[in-house]
Structure formats: structure tokens, C-alpha cells
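Numbering (the working numbering), first residue to last: 85 to 729.
If you want it as C-alpha cells, here you go:
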């Protein structure tokens with residue numbers, strides 16, 4: 085895992101620029117730095133050494149000097165690929181997975197991407213063809229951003245590096261902000277920065293002869309709902325799932341440094357930790373975050389699982405005030421406004437892993453998307469059930485079963501529940517049916533937008549923009565698969581793997597690895613009948629069946645509890661920090677021009693007066709504060725607290 089930056093074109097003072105770009109993302113690779121400069125191209129690299137410790141320096145060139153690569157991530161099947169290439173007469177000078185990519189590209193060209201099993205982004209300079217190729221992994225685990233300026237293509241693992249390019253400035257994209265306040269994240273290739281793009285997951289970019297072309301090399305796909313099921317026997321499906329997940333974990337344990345595991349206390353990380361514990365010859369290190377608030381804390385389940393596995397377990401406590409203290413740095417590393425505080429405890433957690441001397445951790449992310457674990461999938465099923473009989477007074481009571489961890493919901497009437505979840509309000513054939521309530525409740529935060537911002541985005545609809553990007557086959561899929569696609573293709577890379585994943589881990593030089601996102605496992609899961617994933621209202625049914633011998637019954641049967649963190653209450657009350665008061669003040673809100681100062685003041689006073697439980701107000705508070713901090717960090721807009729420092 086590393087960070088890199090580079091260019092394709094003509095650049096004055098190229099060495100100085102590359103050094104500045106790499107310095108801006110040095111946290112991604114604190115072990116070694118290197119640069120490569122050709123007349124038409126340049127690459128810089130900051131290395132976190134995990135595989136090939138002594139001979140994996142980058143940028144790396146082949147024996148001829150015709151091919152040079154800068155690479156971020158891991159190729160987990162590099163051992164098998166290297167053996168295949170050696171059998172074809174290829175000779176290797178290093179033990180790194182980086183050199184495997186170079187040889188594979190030399191043999192297969194851009195088609196080499198189909199052979200890679202990994203989490204990666206990389207840039208290959210091909211001197212023979214005079215072209216630069218950029219590529220990103222299938223599920224979007226590793227980031228890659230690019231922009232053009234003065235006829236030159238610039239690219240990097242983080243936007244901070246691109247802001248080192250003379251003439252490239254940080255300016256907030258109002259459409260991206262509207263997307264964040266509707267969909268939780270920008271729709272790639274858009275980012276929070278105007279004129280700076282993100283290469284989409286499973287895409288490659290080729291720049292040559294003054295032209296840039298971008299295309300997908302892999303697509304997430306599901307069978308037509310009328311197609312005959314690939315799996316009829318549940319036992320056979322569970323057996324194959326177990327084998328795939330075991331192998332996905334096995335190859336993600338490959339490293340020349342120790343590999344640990346996150347352990348949240350939920351099903352997914354417990355399964356990964358249980359498999360990994362069998363493969364760790366010196367014992368597995370596990371890590372978790374705990375909370376003071378009962379509704380967020382899962383420490384009892386974490387300790388039960390750690391004890392059952394016999395792992396060396398360490399936890400970091402996220403106490404009152406910790407989120408607020410870390411939040412400015414969280415926003416700076418996320419490089420975009422965010423509407424939840426959930427990334428902050430994960431920022432603390434990766435710091436704990438670094439303090440304990442590890443560089444690599446396995447995590448359970450991806451299981452909810454791949455095996456239909458989120459409440460939104462069950463909620464959509466109940467809404468469809470209610471939509472077929474909109475006058476029923478009994479069916480809306482099913483919503484209470486979905487959210488046992490939300491006590492305020494349990495006392496509500498059937499009429500309220502039906503209205504709140506939009507039962508019967510959305511046409512059953514709406515392609516965004518599953519996500520309309522989420523988008524509607526999130527978009528309610530835009531009530532705090534300023535009149536100028538409203539005017540700028542008045543003719544734009546983020547949800548419809550998202551709907552316009554769905555594949556032509558989308559309408560033929562089962563409704564559950566449609567919902568899974570929306571989560572896996574957009575929110576997973578746009579928020580979960582980015583703001584909560586790569587960016588928080590790499591802030592401390594920690595590489596996260598995701599067995600559930602092995603593309604073989606993903607492709608297998610897409611072929612499973614929907615009822616094997618969501619059986620009635622039991623989420624991840626087939627995953628539970630395939631792994632029930634690995635876990636204590638209390639963990640294996642546990643209902644999904646989404647990972648959450650305290651929101652507005654983290655910033656108000658006793659010990660409130662000066663930067664919060666300043667950023668949310670009428671003066672600073674007015675200066676930014678993005679939000680209504682009077683409305684924000686009322687929101688702020690409301691959150692100060694009492695703990696706020698409503699989603700809209702919590703999301704609005706965090707979104708407004710993070711936007712103000714984003715402006716301060718990237719555009720030079722200073723808060724009074726910063727000016728006095």
C-alpha cells in the first residue's frame with residue numbers, strides 16, 4: 085500500500101513538482117520515496133513496504149527501461165501469476181507484486197487487468213507506445229484522481245498531491261455538494277473539487293497522442309430475474325461460498341509483515357477474524373473501537389469473540405470529545421464534506437494499529453453489500469409488501485422489527501411508520517425504489533442551503549442523475565439485486581471504502597484488506613438466488629449457514645447493528661471546542677456563502693440545548709460543519725480560531 089503521483093505531458097521543474105506531490109501524501113507511504121522522470125512523463129512514489137521489503141522500491145522499471153510503474157495496493161494472487169509467467173520464460177529480479185504487474189502488462193497489455201486479483205490503482209508509463217495507462221481495482225478500494233491543466237494530464241492517489249500543481253486550485257463543486265447532501269457522496273467521476281476527477285472503479289484510462297480515453301474493464305452484473313437460478317441446492321452454495329471466502333482470506337494474509345484484523349463484534353468482521361486466526365502462525369492481533377454511549381458500543385460482543393478465538397485483542401475508546409478533536413483532520417484526509425461522524429472513530433482505530441506496530445489489517449467491509457446485510461434491503465422488501473396493500477394497518481408494524489436499536493421508533497403508530505418509510509408512496513417499478521426514503525431524508529438537509537446555492541443547483545436532481553447512470557440491464561434484475569447494485573456501485577466506493585475506509589486507514593499508514601470484496605466471491609454472490617441472501621427478514625442467510633461453525637451462537641445469530649457514531653452531540657455541550665463555535669457562527673457561515681446563516685444558527689442552538697435524535701438535523705449539522713472545515717483546509721478560508729493560532 086502506498087501513494088503516488090505523476091504526469092503525462094510537458095512540465096517545467098518536474099523533479100521539484102514530483103517531490104512536492106509526494107510530500108503532500110507522505111502519510112500513505114512513510115517508508116521510502118522515489119521519483120522517475122522521462123522527457124514526456126514523470127512518476128513519484130511514497131512507499132508503505134509490505135511485500136518485497138528489500139527490493140520493492142518504486143517507481144519500478146522493467147529490464148529494458150521501456151515500462152515504468154507506480155503502484156498503490158496489493159495484488160493478492162501475485163504468487164500464482166509469477167509462477168505462470170516464469171513458466172513462460174519470464175525472469176524476475178524482485179520478490180514484489182509490483183514487478184508481476186509489469187511483466188503481465190508486457191505480455192497482455194491492458195488486458196492484464198482481467199488476471200489481477202487485488203485492491204489496486206496504478207500508473208504505467210509505456211515508452212514504446214508513448215502512452216500512460218491508469219487503472220483502478222474492480223470494487224473501488226484504492227483511490228485515483230486526475231485533472232488536466234495546460235495540456236498535461238496529472239494524477240495522484242489523493243487530491244492533496246494534485247493541488248501542488250501550479251495553476252490547479254481548490255474550488256468546491258456545488259453540484260458535488262448537492263450530491264453529498266442527497267446521496268452521501270459525489271457521483272464519480274465527480275469529486276468535491278471542481279475540475280478534479282476520480283477514475284471510477286473497474287475503469288482504465290489511456291492517454292496517448294494528446295487524447296485521453298476511459299473505459300470499464302469489468303462490470304458488476306446480475307442475472308435476469310426470469311433466468312433459471314444458478315444454485316438450487318443451498319448446501320452446495322454454502323460449501324462453495326465457504327471455500328471462496330477461505331481462499332480470499334488466505335491470499336490476503338500474504339505479507340512480509342504481520343497482518344491483524346478489525347473486530348467490531350458483528351458477524352462480518354467476526355467471520356474474517358475466525359478464518360484469519362486459523363492462518364496466523366504466531367496468533368492473530370485484533371483491534372476494535374468502543375464507545376461510552378450504550379447505543380453505539382459493541383464491546384461485549386467484541387470481547388466475546390476475541391476470547392472465543394484467543395486473539396491478542398486491543399481496543400481504543402472513543403470518548404466524549406474525541407470525535408470533535410479529530411474531526412478537522414478527518415475532513416482533511418477525507419478530502420470532501422461528510423454528513424456522518426462515523427469516519428472519526430475509524431481514524432482513531434487506525435492510529436491504534438499504527439501505535440501497536442502493525443501496517444495491515446483485514447476488515448469485514450463488503451459483506452453487507454455482497455450478501456444483502458443492510459437494513460435498507462429488508463426495509464425495501466417490507467415497503468413493497470405494504471405497497472401491494474397500501475390500506476393495511478398491520479403491515480407497517482413490520483418496520484419496528486427492522487430497527488430494534490432505534491427505541492424512538494418502537495412507540496410510533498402504524499400510520500406514522502407507513503408515512504415515515506414512504507410505504508406505498510413510491511411506484512414499485514421506480515429504479516431507485518429501495519433508496520428513495522434514504523435519499524429523501526438526506527436531501528431534507530438542503531433546507532439549510534443558502535439562496536445562492538439553491539439558485540446554482542435549482543435545476544439539478546442528484547437522484548435522477550444517479551438513475552440515469554444505471555446499466556441498460558438494470559430493469560431486468562430482481563428488486564433485491566437492484567438495491568444491491570445501488571449500494572455496491574455507488575455508496576460502497578463513494579463513502580464506505582473512501583471516507584470510512586482507505587482515507588482513514590492511510591492517514592496513519594495502515595492498509596485495509598477486504599476478503600468479502602474478492603471479485604471471485606462478488607461474482608459468485610451475484611448468481612445466488614435472492615432468497616438465499618435475504619430469507620424473509622433474515623439478512624445474509626447463506627453467509628450465516630456457511631460459517632455457523634466458526635462463531636459463538638450469540639454472534640452467528642446476531643441481527644445486523646449498523647456501525648454508527650454519535651453525531652451532533654459530539655460537538656456541543658461541556659468542553660465544546662472553539663473551532664466548532666467559530667465555524668458555525670453566523671459570520672463564518674455568511675462568509676462561505678453556502679448555507680443560510682440564520683437557519684444554521686437555529687440548528688446550532690437546538691443541538692446545544694438538547695441531544696438531537698432526528699436524522700435530518702444530525703446529518704445537516706455534521707455536513708455543514710465538515711463543509712466549513714473543508715473550505716478552511718483546502719481553499720484558504722480561515723476560521724477565527726485558525727487565524728489566532
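By construction, the Cβ of each residue, glycine as well, lies at the ideal position given by its N, Cα and C atoms. Being a predicted model, the structure only gives us computed values, none of them experimental.
Terminal residues of the beta strand (DSSP E) in which residue i lies
i	result
residue 217	215-220
residue 561	Residue 561 -> no beta strand (DSSP E), and no H or E assigned at all.
residue 595	595-597
residue 398	396-402
residue 91	86-92
Cβ separation of residue i and residue j, assumed to be a contact under 8 Å, to the nearest whole Å
i	j	result
residue 411	residue 713	7 Å
residue 230	residue 218	7 Å
residue 160	residue 185	That pair is no contact at about 12 Å.
residue 344	residue 442	5 Å
residue 618	residue 564	6 Å
residue 436	residue 400	4 Å
residue 336	residue 285	No, residue 336 and residue 285 are not in contact; Cβ-Cβ is about 18 Å, not under 8 Å.
Beta-carbon proximity list for residue i, same chain, < 6 Å, skipping 5 on both sides
i	result
residue 624	455 and 457
residue 621	462
residue 117	106 and 130
residue 691	652, 656 and 705
residue 587	417 and 418
residue 405	659
residue 567	461, 464 and 518
residue 92	125, 216, 237 and 291
residue 114	593
residue 96	none
residue 415	710, 713 and 714
Nonlocal neighbours in the same chain, by C-beta distance under 8 Å from residue i, ignoring five residues either side
i	result
residue 522	460
residue 636	388, 389 and 392
residue 532	679, 680, 683, 684, 687, 704 and 708
residue 363	333, 334 and 337
Residue interval of the alpha helix (DSSP H) (run including residue i)
i	result
residue 470	459-471
residue 104	98-108
residue 414	406-418
residue 672	670-676
residue 692	681-693
residue 768	Because the chain in this structure spans residues 85 to 729, residue 768 falls outside the shown range and cannot be described.
residue 82	Not covered by the structure: residue 82. The range shown for the chain is 85 to 729.
residue 696	Residue 696 -> no alpha helix (DSSP H), and no H or E assigned at all.
residue 393	383-393
residue 666	662-667
residue 605	603-610
residue 614	614-617
residue 113	First-last for residue 113: undefined, no H or E at that position.
residue 638	637-640
residue 589	587-590
Own chain partners of residue i with C-beta closer than 7 Å, once the 5 adjacent residues on each side are dropped
i	result
residue 723	With a pLDDT of only 42 at residue 723, under 50, the local geometry of the prediction cannot be trusted, and no value is derived from it.
residue 720	none
residue 528	700
residue 258	537, 540 and 541
residue 695	653
residue 98	121 and 126
residue 434	588, 589, 591, 592 and 594
residue 94	236
residue 214	124 and 292
Just checking, does the segment 592-602 make contact with the segment 326-340 on the three C-beta pairs under 8 Å criterion?
yes
I'd like the ranges of any beta strand (DSSP E) spanning at least 3 consecutive residues and lying wholly in the segment 117-152.
125-131
Counting pairs of beta carbons, one from the segment 546-561 and one from the segment 606-624, are three or more of them closer than 8 Å?
no
Spell out a yes or no on whether the segment 186-206 and the segment 248-268 are touching, meaning 3 or more CB-CB pairs, one atom from each, closer than 8 Å.
no
Closer than 8 Å is the cut-off here; do at least three beta carbon pairs connect the segment 354-366 with the segment 436-448?
yes
Complete alpha helix (DSSP H) runs within the segment 521-580 (minimum length 4 residues, chain order):
535-540, 546-552 and 563-570
Whole runs of the beta strand (DSSP E) within the segment 327-370, excluding any shorter than 3 residues:
343-346
List in chain order: all unbroken beta strand (DSSP E) runs of 3+ residues lying wholly within the segment 172-257.
202-210, 215-220, 229-233 and 236-240
In chain order, each alpha helix (DSSP H) run of at least 4 residues that lies wholly inside the segment 258-316:
258-267
Which runs of the alpha helix (DSSP H) fall wholly inside the segment 433-457 and span at least 4 residues, in chain order?
451-454
Just checking, does the segment 570-587 make contact with the segment 289-296 on the three C-beta pairs under 8 Å criterion?
no
Does the segment 579-594 come within contact of the segment 315-331, defined as at least 3 CB pairs closer than 8 Å?
no
Should the segment 465-474 be regarded as contacting the segment 359-378, the criterion being three or more beta carbon pairs within less than 8 Å?
no
I want to know whether the segment 131-145 touches the segment 177-192 - three or more CB-CB distances under 8 Å.
yes
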